[in-house]
């Protein structure tokens, strides 16, 4: 049992920047404007979709990245619908959504997914993916992405009472970004800009990205650990790949 709990802790580890995607969340007014006049939209350089230029993007972990994390945690993980319909298929409720049970390391938790009024096979897959993300969040997976603020604020535990006010004012990190959440968000932004610069094939753009994100790069090198030097997703290696790509 203790081993299973230790494995479940892996689900709470932050997702690397390269596994975090951008989801456009247009307002109803923005959607209606683009539907009425296709030219009111544009091809987004962030998410690749065609939408209103003022759309806000949310960070999220996609189905593939979440499945990879679940497999890393428990190769035998599984999910099943909470109920079946008369045909023996997963039951879709009156809101067009589905309740599921997600089991990881012998622990089962509920989740709910929907496809926001869509229909067809793609909608079914979206419902499943949404339900898995929702259920995995109950295990702590990508919990920081569901929360809009700094989810964890460390409380100071001074050795001497008279030091409490001073220690409480100390930042969690010593660099430009004062919290781990802020550094993580800056790392995602840096990774996205590097990817765009590399795809554009412009060495000047890559240099501009490195200049713009200088403080983040410097702090990652000093404090970022895997975010900096991991061989698969570290920013250090993403910078090298971007330079190699634009230089041919």
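Numbering (the numbering used here), first residue to last: 203 to 450.
Glycine included, every Cβ here is placed at the ideal spot set by N, Cα and C.
If contacts are defined as beta-carbon pairs under 8 Å, then residue i and residue j qualify, I think. What distance do you get, rounded to the angstrom?
i           : j           : result
residue 313 : residue 278 : Not quite, the Cβ-Cβ distance comes to about 18 Å (not below 8 Å), so this is no contact.
residue 257 : residue 292 : Contact flag wrong, Cβ pair sits at about 32 Å.
residue 306 : residue 276 : 5 Å
residue 316 : residue 297 : 6 Å
residue 224 : residue 259 : 4 Å
residue 392 : residue 437 : 6 Å
Which residues mark the beginning and the end of the alpha helix (DSSP H) in which residue i is found?
i           : result
residue 319 : Here residue 319 belongs to no alpha helix (DSSP H), and DSSP marks it neither H nor E.
residue 235 : 230–238
residue 156 : With the chain covering only 203 through 450, there is no way to say anything about residue 156.
residue 419 : 416–425
residue 402 : 382–402
Count the other CB atoms within 10 Å of the CB of residue i; is the residue buried (16 or more) or exposed (fewer)?
i           : result
residue 353 : Confidence at residue 353 is low in this model, with a pLDDT of 46, below 50, so its placement is unreliable and no value can be given for it.
residue 332 : buried
residue 394 : buried
residue 218 : buried
residue 334 : buried
residue 399 : buried
residue 341 : buried
residue 221 : buried
residue 442 : exposed
residue 250 : exposed
residue 363 : Because the pLDDT of residue 363 is 47, which lies under 50, any placement of that residue in the model is unreliable, and the number read from its coordinates should be weighed accordingly. Label assigned to residue 363: exposed.
residue 266 : exposed
residue 390 : buried
residue 244 : exposed
residue 418 : buried
residue 420 : exposed
residue 382 : buried
residue 285 : exposed
residue 446 : exposed
residue 208 : exposed
What residue does the beta strand (DSSP E) around residue i start on, and which one ends it?
i           : result
residue 258 : 258–263
residue 225 : 222–227
residue 277 : First-last for residue 277: undefined, no H or E at that position.
residue 303 : 299–306
Less than 9 Å between the C-beta atoms of residue i and residue j, yes or no?
i           : j           : result
residue 210 : residue 326 : no
residue 386 : residue 429 : yes
residue 397 : residue 440 : yes
residue 343 : residue 273 : no
residue 303 : residue 311 : yes
residue 444 : residue 411 : yes
I want to see whether chain B comes within less than 9 Å of residue i, judged by CB atoms only; does it?
i           : result
residue 388 : The structure shown contains no chain B; it is built from a single protein chain.
query: Quick one: any contact between the segment 395–410 and the segment 222–235, if contact means 3 or more CB pairs under 8 Å?
result: no
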